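First residue of the sequence shown: 1, per our numbering; consecutive thereafter. By construction, the Cβ of each residue, glycine as well, lies at the ideal position given by its N, Cα and C atoms. Only a predicted model underlies this, so the values are computations on that prediction, with no experimental measurement involved. Structure record follows, encoded as structure tokens.
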Amino acid sequence: MLQKVVPVLFVLVCAAFVLLPKLLPTPAHTLQGLPNIRYQDTIRIQVGYAGCGEWGGHREMIKVYQEEVDHQEIGYEEMIKIKRPFLAEYWVDSTECSSRTDRKFLLHKRQPLTSSQEAAVLRYIQDFVPASLQARQLYDMMNGNAYVVYLPVLGEEPAALSFSSSGKDIFQELRGKLFAKPSTIHD
Numbered sequence: 001m002l003q004k005v006v007p008v009l010f011v012l013v014c015a016a017f018v019l020l021p022k023l024l025p026t027p028a029h030t031l032q033g034l035p036n037i038r039y040q041d042t043i044r045i046q047v048g049y050a051g052c053g054e055w056g057g058h059r060e061m062i063k064v065y066q067e068e069v070d071h072q073e074i075g076y077e078e079m080i081k082i083k084r085p086f087l088a089e090y091w092v093d094s095t096e097c098s099s100r101t102d103r104k105f106l107l108h109k110r111q112p113l114t115s116s117q118e119a120a121v122l123r124y125i126q127d128f129v130p131a132s133l134q135a136r137q138l139y140d141m142m143n144g145n146a147y148v149v150y151l152p153v154l155g156e157e158p159a160a161l162s163f164s165s166s167g168k169d170i171f172q173e174l175r176g177k178l179f180a181k182p183s184t185i186h187d
């Protein structure tokens, strides 16, 4: 009798392992969003194009940060602990060529991020870091696809990684995921 029950139980247990993940609902987020971005942290993803040859070209930047809360109303400790929504801003260069001294970034669009957009930013950074480190270029210059990491100690210099690429423009892919129509200004 036991010899007949053991194979049947084995088949049932195997079937449960195969079917159970399909029957249970999957969590909404399989990739964690931006877990280490805290109060006053900002991610700046910047790209510079070579539209003017040796003089450079126009620049674009995406800034990601948490929505600010007045800590006078809720207290400093609570403000740090509260999970606030992330905002993204798309900035464009005021000039086409980088040789101008009066150039600056102009805010083009600002919007809150969804969890899938947060995941897209995280994936961009995770894909970018190995390519940047392989190129062995750890310095302050911004060329190609680049991002800046601001250290948590106030007053410290930012760490910047960058690399030049003439291939696929992954910055524009990220911009397309975050900002569907970058032609309108929203403040």
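**Residue closest to I37, alpha-carbon to alpha-carbon, out of V11, F10, E68 and A15** = E68
**I82 - DSSP class collapsed to helix/strand/coil** = coil
**Request:** Following the continuous beta strand (DSSP E) through E60, name the residue where it begins and the one where it ends.
**Result:** R59 to Q66
**Prompt:** In this structure, does DSSP put K4 in helix, strand or coil?
**Reply:** helix
**Asked** When you compare only the Cα positions, how much space is there between R84 and Q66?
**Response** Spanning the two alpha carbons is a distance of roughly 6 Å.
**Prompt:** Which residue or residues does DSSP assign as beta-bridge partners of Q111?
**Reply:** A88
**Prompt:** The alpha helix (DSSP H) spanning F171 covers which residue range?
**Reply:** I170 to L178
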